[in-house]
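Okay, so here's the structure we're looking at.
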Amino acid sequence: MRSKVRTIISSGLVAGTLDITAAILIYAGILHKTTAEKILQSIASGIFKKEAYTGGSEMTLVGLGLHFLIAFIFAWFYFKIFPYIPFFKINTLLSGISYGFFIWVVMNLLVLPIVFPVLPEKNLDFPLLLSILIVICCVGIPIAFITRKYYAKWY
């Protein structure tokens, strides 16, 4: 039997790992837009601003920690709302897709503009669609399936 905490930790770890791996593979490995270190430092810059880019490996680790903290928060939130949203129990895949899109909206239209008041303009183009797809596939869907497995014993 899985516990609530174990379910949240599992879904947060899986989602956080898949998301950061996809970001590094795609943006650093395939597209050569940045480096893994800069991706993680940019996460840390949400708190430490420009200092994050000069802080070395410490800031890289802080960025990784913040990334997983965010993944755990979204995993916890889905776990908490799951019993109250009937749609989540009907179709896990569509629930994961919709939750992934919700996460992208929250992060890109609420959190990032608050943390970084000056952001590049978003255009409906390949990079934007790729970022949405990564969050849906790597965060929303895994969280939905792992959480559903826990709740499957209740209905």
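Residues 84 to 238, numbered by the numbering used here, are exactly what the sequence shown covers, in order.
The beta carbon of each residue, even a glycine, is placed where N, CA and C say it ideally should be.
{"query": "Determine the direct distance from the alpha carbon of Tyr161 to that of Ala227, and round the result to whole angstroms.", "result": "8 angstroms"}
{"query": "Does the Cβ of Arg240 have 16 or more other Cβ atoms within 10 Å, making it buried, or fewer, making it exposed?", "result": "Nothing about residue 240 can be reported from this structure: the residues present for the chain run from 84 to 238 only."}
{"query": "Where does the unbroken alpha helix (DSSP H) through Tyr234 begin, and where does it stop?", "result": "224 to 234"}
{"query": "Does the contact criterion of 3 or more C-beta pairs under 8 angstroms hold for the segment 214 to 228 versus the segment 98 to 117?", "result": "yes"}
{"query": "Can you tell me the Cα-Cα spacing of Ala135 and Lys236, whole angstroms?", "result": "44 angstroms"}
{"query": "Taking the beta carbon of Met84 as the centre, do at least 16 other beta carbons fall within 10 Å, making it buried, or is it exposed?", "result": "A caution first: Met84 carries a pLDDT of 40, below 50, which makes its placement in the model too unreliable to give a value."}
{"query": "Measure the C-alpha to C-alpha separation of Thr143 and Ser128 and round it to an integer number of angstroms.", "result": "10 angstroms"}
{"query": "Classify Ser86 as buried or exposed, calling it buried when 16 or more other Cβ atoms lie within 10 Å of its own Cβ.", "result": "exposed"}
{"query": "Would you call Ile122 buried or exposed, if buried means 16 or more other Cβ atoms sit within 10 Å of its Cβ?", "result": "buried"}
{"query": "Per the contact definition of three or more C-beta pairs closer than 8 angstroms, is the segment 164 to 180 in contact with the segment 146 to 155?", "result": "no"}
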